[in-house]
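With the numbering used here applied, the sequence shown corresponds to residues 156 to 298, in that order. Take a look at the structure set out below.
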Amino acid sequence: FSNFILEINKKRIKNMKSVCEYFEMVNISLDDQDKIMKEYSTGMKSKMQTLVNIISDKKVLLLDEPFTSLDILVQEQMKKLLREIKKNKIIVITTHILEIAIELCDEIIILKDGKFNLIEKKDLNDNEYKKKIIQSLECENVN
């Protein structure tokens with residue numbers, strides 16, 4: 156799978172790395188290199204999603220729930236990697252975990268009632284503000 160992704164992107168990628176280097180970036184064992192996607196665990200699929208985004212070398216990375224099913228150690232490794240990558244790219248992360256958004260994101264947007272609401276990060280340090288967000292989302296789920 157990874158070789159296929161490298162192959163289809165090779166003309167566009169300026170500083171292409173080896174498969175080994177890419178796997179090392181997201182802490183995937185080389186033993187897993189030749190597996191097909193259905194053989195991967197959910198956590199491994201999440202890592203592969205991130206890896207595909209990194210390999211594609213786009214200016215904007217879209218990561219959908221990149222921390223799903225990752226253990227705490229792997230989450231920390233992925234956070235470190237994303238902090239490094241975001242120095243040169245725009246990263247859009249979807250997450251249901253507010254703490255991850257607070258820790259990694261420069262801007263936080265909450266989707267509610269089909270509308271985007273920009274949240275001031277400084278307000279999220281206030282527990283009362285967090286409670287208001289949670290209450291507003293709970294009211295939505297009750298209706």
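Even for Gly, the Cβ is constructed at its ideal location relative to N, Cα and C. Nothing here was measured: the structure is a model prediction, and the numbers come from that model.
Taking C-alpha positions only, Val-215 is separated from Ile-240 by approximately 10 Å. Here Pro-221 has Ser-201, Gln-204, Thr-205, Met-233, Ile-248 as same chain residues with Cβ atoms under 7 Å from its own Cβ, once five neighbours each way along the sequence are excluded. Less than 7 Å separates the beta-carbon of Ile-210 from that of Asn-164.
Counting only residues of its own chain and dropping the five nearest sequence neighbours on each side, Thr-197 has a CB closer than 7 Å to the CB of Thr-223, Ser-224. Taking the CA atoms as reference points, Asp-226 sits about 16 Å from Glu-254. DSSP links Asn-272 through a beta bridge to Ile-265. The closest CA to that of Glu-293, considering only Asp-268, Asp-278, Asn-280, is found on Asp-268. In the DSSP assignment, Thr-249 is bridged to Asp-219.
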